[in-house]
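Accompanying notes for the structure given below.
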Amino acid sequence: MLDQILSTGSWLKKNSGQRMNTRISGARAPTDGDEASREESTDRLNGGRHRPIALVLSSGLSIKMAGVTGVTGQSSTPGEDSSLDDTLASLMRTLKVKKERLEQREKALEKRCEALNEKHADLFGDKSDSDVLTLNVGGDMISVLRRTLCSVEGSMLAARFSGRWDDSLEKDGEGNFFICQPIELFKPMINFLRARAISTPLAPPVRSPNLPAGDREDFYRMVEYFGMTSGIYPTVIELHRGDQRSVSIEGKCVDCSEWSTFTLQTQGHVRQVISYEIVLGNVERMQIGWINEKKYIENLSNEPHNGVGEEANSVGIDCCRGGLLLEGSFTKLEGLSIKAGSTILCDQKGHRWYVNGELVCSSNAADGTKQFEHSSGFPPAFNCVTTDIVPCFSGKGIWTVTEVVLSCP
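Below, the structure is given as structure tokens:
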């Protein structure tokens with residue numbers, strides 16, 4: 001479509017100068033052949049209909065050229081010629097840019113499709129994700145779809161049952177895959193994955209398994225072993241302050257064109273985030289820390305550009321100024337350099353900060369590094385046992401939450 005419009009624009013521009021500028025007076029009377037030729041030209045321009053030509057773009061841009069001069073025998077001034085030429089040139093430039101953008105998007109889409117196909121081939125090999133697998137779990141038989149076992153990307157469970165390693169996996173005497181775990185622990189994990197696979201926005205939220213206290217630690221251990229913690233006990237990044245239109249969140253990656261504040265929330269379970277890690281891209285005014293969510297919201301100011309550490313009941317590392325922000329009070333950390341590519345680990349609910357693996361700030365004097373400065377010591381609102389402490393980060397640019405450590409209640 002764009003090629004056709006560009007071609008039409010080029011033709012019009014080329015022929016716009018071929019206008020009849022001769023005066024009617026003194027000219028010979030038109031013959032029937034002249035009239036026929038003129039009508040033929042008009043038909044060629046207007047598709048056989050004597051009405052204005054309209055060029056309408058998909059973007060909503062509409063340009064009409066009423067009464068194409070030179071066909072009707074009317075004179076045109078140099079100014080009119082120049083105006084039409086400028087309009088056509090501008091139109092063609094706009095169309096060219098839009099065409100290039102569409103081509104770029106098409107190429108990007110093709111690359112994504114190729115990557116997905118390669119990923120699927122790497123994951124499943126010549127197997128199908130709709131295969132029904134029979135598992136022997138500690139002596140109990142269970143049938144599961146392959147895609148259910150592979151639903152948490154990057155997990156050891158997904159890699160194990162991708163189909164590429166079927167021949168090398170442990171099997172029982174009947175040829176069934178063998179899992180050396182109690183069915184009482186393994187089955188709740190599978191049932192959660194099954195429920196998540198059929199969840200819809202209108203259905204009740206899927207809750208993480210909540211085992212009896214005596215089995216809970218063993219379940220956490222098994223889930224961690226299979227690399228399933230992030231899938232069974234998910235966390236999500238939520239926009240707290242800012243314009244949703246300027247924010248893109250894909251998984252644990254944030255890309256925002258305007259300065260905004262976010263929280264990292266647990267979803268469907270009671271385990272708390274006790275540590276998390278962020279890798280920075282190109283960022284501006286980045287602040288990374290924690291808030292006592294209940295008290296923070298109750299005492300939140302009307303200043304939309306206050307980030308974590310600048311409000312009451314919040315604490316954070318200021319990456320740009322190289323220091324600690326504690327409820328609006330700033331403490332410079334000498335020698336602290338944070339730039340794109342840096343890794344910031346917020347540990348023990350805000351009691352320790354590591355930058356690129358080095359401890360830079362702590363609330364514990366025994367750590368031998370810079371301590372928090374506060375009139376009454378470390379605020380009681382940030383006691384490690386407080387359940388309302390949640391991760392919070394403010395900034396503009398791109399960053400990724402790469403690691404989350406949960407409590408084991």
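Throughout the sequence shown, residue numbering follows UniProt numbering, covering 1 to 409 in sequence. Glycine is no exception: its CB is placed at the ideal position from the N, C-alpha and C atoms. Remember, predicted model here, so these are calculated numbers, not experimental data.
Residue i, DSSP secondary structure in three states
i: residue 168; result: helix
i: residue 320; result: coil
i: residue 350; result: helix
i: residue 286; result: strand
i: residue 405; result: strand
i: residue 392; result: strand
i: residue 306; result: coil
i: residue 299; result: coil
i: residue 161; result: coil
i: residue 220; result: helix
i: residue 313; result: coil
i: residue 94; result: helix
i: residue 113; result: helix
i: residue 189; result: helix
i: residue 235; result: strand
i: residue 294; result: helix
i: residue 255; result: strand
i: residue 336; result: coil
i: residue 265; result: strand
i: residue 147; result: helix
i: residue 241; result: strand
i: residue 328; result: coil
i: residue 183; result: helix
i: residue 86; result: helix
i: residue 200; result: coil
i: residue 140; result: strand
i: residue 49; result: A caution first: residue 49 carries a pLDDT of 45, below 50, which makes its placement in the model unreliable, though a value can still be read off. Three-state result, residue 49: coil.
i: residue 59; result: Legend: pLDDT at residue 59 = 41, less than 50; position of this residue unreliable, value from coordinates given subsequently. Coil, per DSSP.
i: residue 27; result: Interpretation of residue 27 is limited by its pLDDT of 44, a score under 50 that renders its predicted location unreliable; the figure taken from the coordinates is listed afterwards. Coil at residue 27, not helix or strand.
i: residue 103; result: helix
i: residue 275; result: strand
i: residue 363; result: coil
i: residue 246; result: helix
Assigned exposure category for residue i - 16 Cβ within 10 Å defines buried
i: residue 330; result: exposed
i: residue 104; result: exposed
i: residue 132; result: exposed
i: residue 165; result: exposed
i: residue 267; result: exposed
i: residue 287; result: buried
i: residue 275; result: buried
i: residue 146; result: buried
i: residue 39; result: For residue 39, the predicted structure reports a pLDDT of 49, less than 50, and the residue's modelled location is therefore unreliable. A value from the coordinates is still provided. Classification of residue 39: exposed, given that the 10 Å Cβ count is below 16.
i: residue 152; result: buried
i: residue 273; result: buried
i: residue 97; result: exposed
i: residue 213; result: exposed
i: residue 134; result: exposed
i: residue 336; result: buried
i: residue 90; result: exposed
i: residue 158; result: buried
i: residue 349; result: buried
Whole-Å CB distance - residue i paired with residue j, under 8 Å assumed
i: residue 401; j: residue 249; result: Going by Cβ atoms, the distance from residue 401 to residue 249 rounds to 10 Å, so no, they are not a contact pair.
i: residue 322; j: residue 338; result: 7 Å
i: residue 150; j: residue 261; result: Contact flag wrong, Cβ pair sits at about 35 Å.
i: residue 325; j: residue 303; result: In fact, because the Cβ distance is near 14 Å, the residues do not count as touching under 8 Å.
i: residue 292; j: residue 388; result: 5 Å
i: residue 265; j: residue 404; result: The Cβ separation is near 11 Å, so there is no contact.
i: residue 333; j: residue 308; result: Not confirmed; about 16 Å, so no contact.
i: residue 226; j: residue 143; result: About 18 Å separates the two Cβ atoms, so there is no contact after all.
Residues near residue i in its chain [Cβ-Cβ closer than 8 Å; skip 5 each side]
i: residue 222; result: 181, 185, 186 and 189
i: residue 283; result: 319, 340, 395, 396, 397, 398 and 399
i: residue 199; result: 205 and 206
Neighbourhood of residue i by C-beta, 6 Å cutoff - its chain only, sequence neighbours within 5 removed
i: residue 373; result: Residue placement at residue 373 cannot be trusted, given a pLDDT of 46 that sits under 50; the coordinates are not used to answer.
i: residue 354; result: 345
i: residue 312; result: 299 and 327
i: residue 246; result: 256, 257 and 258
i: residue 351; result: 363
i: residue 219; result: 185 and 211
i: residue 172; result: 136 and 178
i: residue 407; result: 271, 272 and 274
Residues of its chain near residue i, where Cβ-Cβ distance is below 7 Å and the 5 sequence neighbours each way are ignored
i: residue 409; result: 270 and 271
i: residue 129; result: 146, 147 and 150
i: residue 356; result: 342 and 343
i: residue 140; result: 183
i: residue 208; result: 192, 232, 233, 268 and 269
i: residue 215; result: 184 and 185
Beta carbon proximity, residue i to chain D, threshold 8 Å
i: residue 83; result: Although the question refers to chain D, the structure presented lacks it and comprises just one protein chain.
Exercise for review: Say whether the region 270 to 284 touches the region 335 to 349, bearing in mind that this needs 3 or more beta-carbon pairs closer than 8 Å, one atom from each stretch.
Suggested key: Yes, the region 270 to 284 is in contact with the region 335 to 349.
Review point. Is it a yes or a no for the region 183 to 195 touching the region 221 to 231, going by three-plus beta-carbon pairs under 8 Å?
Key: Enough Cβ pairs lie closer than 8 Å, so yes.
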